[in-house]
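Undergrad: Have a look at this one.
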Ligand SMILES: NC(=O)c1ccc[n+]([C@@H]2O[C@H](COP(=O)([O-])OP(=O)(O)OC[C@H]3O[C@@H](n4cnc5c(N)ncnc54)[C@H](OP(=O)(O)O)[C@@H]3O)[C@@H](O)[C@H]2O)c1
């Protein structure tokens, strides 16, 4: 395994982060059960992975509980654990209007609940799962700074925001004299490269660790296009967004090069991402130990510049993935903002 620094946190992390969104007690379709999830975490640690990503909303908190229990059998201090708080979705948001939002009250409640599920005294990286247009960023940042002062959070980060929102957050933290976002977790992969316009150059200029999610486009880049329907994430995936803007041709080129170089499509797609200097570690989702082993082997694969150009050439600008939270007319609006 290779290791690198996580932005300005100074933390050392593996070049592969294990995404735990699919960990679930009783999968009824898409999802990975407790036994397999635990085996995946054990194997990840064997393979040198020390970086794990979850969220308060993943499988209504079950992901955090399963990850925490799995890590309890290992050295907690050796793991870098990242979780998130969502501005519009929360495990208790249906019954409690303050079960979601990035207010001080919600952050304190949700962080306490996450620590309880994880069975930990602190998380290493606490991320805002989206921008909250309803709460002034200064309120959110002060709540996060208090959590850092209490020793419950070691560093903060953000996911899927407009570059302007993210920059506003960093400027506000500077004004307040507190530690700002050290990381950006955004959607980025060979068939979704809109982040190359603003966000990635911004992160490079400001030494922000970049930890993209869906590096395999949720599985689309891990199998030939005609087999895309083999994955059902229970979200009515039709892959039309992945296929748009030259995506089908990119998929075909990934398949072709992978065959030529005796790699899996997942390895080739991850090797492309790892070739970018701005990337700290992709957050990979796996549903088996074999997937995990594939991802770890990808760290060794070094692509040459003509392979990279061949994979990138068919891509055309496409619609921005609709993951941002828009201001609501009322004070409270639970909304499914995440695909
Ligand atoms: N911040 C956010 O808003 C956000 C959003 C989404 C995800 N995330 C984070 O990012 C993580 C990864 O997201 P993701 O699941 O969308 O990532 P992904 O890595 O793009 O897709 C994972 C899927 O790809 C397939 N796959 C993986 N390795 C494979 C292999 N070697 N061969 C064949 N298929 C393979 C599997 O599909 P099958 O299961 O169908 O086999 C797997 O579920 C999540 O766990 C979560 O931590 C964050």
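In our numbering, the protein residues as written are 11 to 349. From the three backbone atoms N, C-alpha and C, an ideal C-beta is built for every residue, glycine too.
Thinking just about the alpha-carbon of each residue, which of 114, 148, 171 is nearest to the one in residue 184?
TA: By 1-based counting over the chain shown, the position of residue 184 is 174. Nearest C-alpha to residue 184: 148.
Undergrad: Do the CB positions of residue 156 and residue 135 come within less than 7 Å of each other?
TA: Reading the chain shown from its first residue, position 146 is the one you call residue 156. Reading the chain shown from its first residue, position 125 is the one you call residue 135. No. Outside cutoff.
Undergrad: What number of angstroms, rounded off, separates the C-alpha of residue 270 from the C-alpha of residue 233?
TA: For the purposes of this step, residue 270 is taken as residue 260 along the chain shown, with counting starting at 1. For the purposes of this step, residue 233 is taken as residue 223 along the chain shown, with counting starting at 1. Cα to Cα, residue 270 sits roughly 15 Å from residue 233.
Undergrad: Shortest alpha-carbon distance to residue 181 belongs to which of 216, 137, 62?
TA: The residue given as residue 181 occupies position 171 in the chain shown. The shortest C-alpha separation from residue 181 is found at 216.
Undergrad: Considering Cα atoms alone, identify which of 50, 91, 151, 37 is closest to residue 22.
TA: Within the chain shown, numbered from 1, the residue matching residue 22 stands at position 12. The residue with the shortest Cα to Cα distance from residue 22 is 91.
Undergrad: Please find out if some non-hydrogen atom of ligand 3 comes closer than 6 Å to the beta-carbon of residue 31.
TA: You won't find ligand 3 in this model; what it holds is ligand 1.
Undergrad: Taking the beta strand (DSSP E) that residue 93 belongs to, which residues open and close that run?
TA: Within the chain shown, residue 93 is the residue found at index 83, counting from 1. That run of the beta strand (DSSP E) goes 90 to 95.
Undergrad: With a threshold of 8 Å, are at least 3 pairs of Cβ atoms found where one atom belongs to the region 94 to 110 and the other to the region 14 to 34?
TA: Cβ pair count under 8 Å is below three, so no.
Undergrad: Kindly indicate which residue of 263, 291, 186, 316 has the alpha-carbon position closest to the one of residue 308.
TA: Counting from 1 along the chain shown, the entry for residue 308 is found at position 298. Closest by alpha carbon: 291.
Undergrad: Hey, is the region 277 to 289 in contact with the region 187 to 200, meaning 3+ C-beta pairs nearer than 8 Å?
TA: In short, these stretches touch, since the Cβ pair count reaches three.
Undergrad: So is the beta-carbon of residue 202 under 6 Å away from any non-hydrogen atom of ligand 1?
TA: Counted from its first residue, the chain shown places residue 202 at position 192. Checking the Cβ of residue 202 against ligand 1 gives no.
Undergrad: What are the boundary residues of the beta strand (DSSP E) that residue 176 is part of?
TA: Within the chain shown, residue 176 is the residue found at index 166, counting from 1. Note, residue 176: premise wrong, no beta strand (DSSP E); alpha helix (DSSP H) at 173 to 186.
Undergrad: So, are the CB atoms of residue 5 and residue 212 less than 7 Å apart?
TA: Since the first and last residues shown for the chain are 11 and 349, residue 5 lies out of range.
Undergrad: Of all the options 305, 320, 19, 326, which has the alpha carbon lying nearest to the alpha carbon of residue 255?
TA: In the chain shown, the residue the question calls residue 255 occupies position 245. Nearest of 305, 320, 19, 326 to residue 255, Cα basis: 326.
Undergrad: Tell me, which residues are paired with residue 63 by DSSP?
TA: Sequence index remark: in the chain shown, residue 63 carries index 53 (1-based). Paired residues: 29, 92.
Undergrad: Could you pull out every unbroken alpha helix (DSSP H) segment of at least 4 residues lying fully inside the region 281 to 346, listed in chain order?
TA: As far as the region 281 to 346 is concerned, its whole alpha helix (DSSP H) runs of at least 4 residues are 299 to 308, 315 to 322.
Undergrad: Rounded to whole angstroms, how far is the Cβ of residue 54 from the Cβ of residue 81, which I believe are closer than 8 Å?
TA: Working through the chain shown from its first residue, we reach residue 54 at position 44. Working through the chain shown from its first residue, we reach residue 81 at position 71. About 10 Å separates the two Cβ atoms, so there is no contact after all.
Undergrad: Tell me the rounded alpha-carbon separation between residue 12 and residue 124.
TA: Residue numbering aside, residue 12 sits at position 2 when the chain shown is read from its first letter. Residue numbering aside, residue 124 sits at position 114 when the chain shown is read from its first letter. Using only the alpha carbons, I get a separation of about 29 Å.
Undergrad: Does the distance between the C-beta of residue 96 and the nearest non-hydrogen atom of ligand 1 fall short of 6 Å?
TA: Taking the chain shown and counting its residues from 1, the one referred to as residue 96 is at position 86. Residue 96 Cβ: outside cutoff for every heavy atom of ligand 1.
Undergrad: CB of residue 195 to nearest heavy atom of ligand 1: below 6 Å?
TA: Position 185 of the chain shown holds residue 195. Yes, Cβ of residue 195 sits closer than 6 Å to a heavy atom of ligand 1.
Undergrad: Report, in whole angstroms, the separation of the C-beta atoms of residue 280 and residue 264, which I expect to be a contact under 8 Å.
TA: Within the chain shown, residue 280 is the residue found at index 270, counting from 1. Within the chain shown, residue 264 is the residue found at index 254, counting from 1. 11 Å between Cβ atoms; not a contact.
Undergrad: Only counting the same chain, and skipping five residues up and downstream in sequence, which positions put a Cβ closer than 7 Å to that of residue 207?
TA: Here residue 207 refers to the residue found at position 197 of the chain shown. Around residue 207: no qualifying Cβ.
Undergrad: Along the chain, where does the alpha helix (DSSP H) that runs through residue 124 open and close?
TA: Counted from its first residue, the chain shown places residue 124 at position 114. 114 to 128 is the span of the alpha helix (DSSP H), which, as asked, contains residue 124.
Undergrad: Hey, residue 192 and residue 78: beta-carbon distance below 7 Å or not?
TA: Residue mapping note: residue 192 aligns to position 182 of the chain shown, counting from 1. Residue mapping note: residue 78 aligns to position 68 of the chain shown, counting from 1. Contact: no.
Undergrad: Give the straight-line distance between the Cα atoms of residue 301 and residue 204, rounded to the nearest whole angstrom.
TA: In the chain shown, the residue the question calls residue 301 occupies position 291. In the chain shown, the residue the question calls residue 204 occupies position 194. When rounded, the distance between both Cα atoms is 26 Å.
Undergrad: By Cβ distance, which residues of its chain are closer than 8 Å to residue 336, with the 5 residues on each side in sequence left out?
TA: Numbered from its first residue, the chain shown carries residue 336 at position 326. Same-chain partners within the cutoff: 143.
Undergrad: What does the alpha-carbon distance come out to for the pair residue 276 and residue 303?
TA: The count along the chain shown starts at 1 and reaches residue 276 at position 266. The count along the chain shown starts at 1 and reaches residue 303 at position 293. When rounded, the distance between both Cα atoms is 11 Å.
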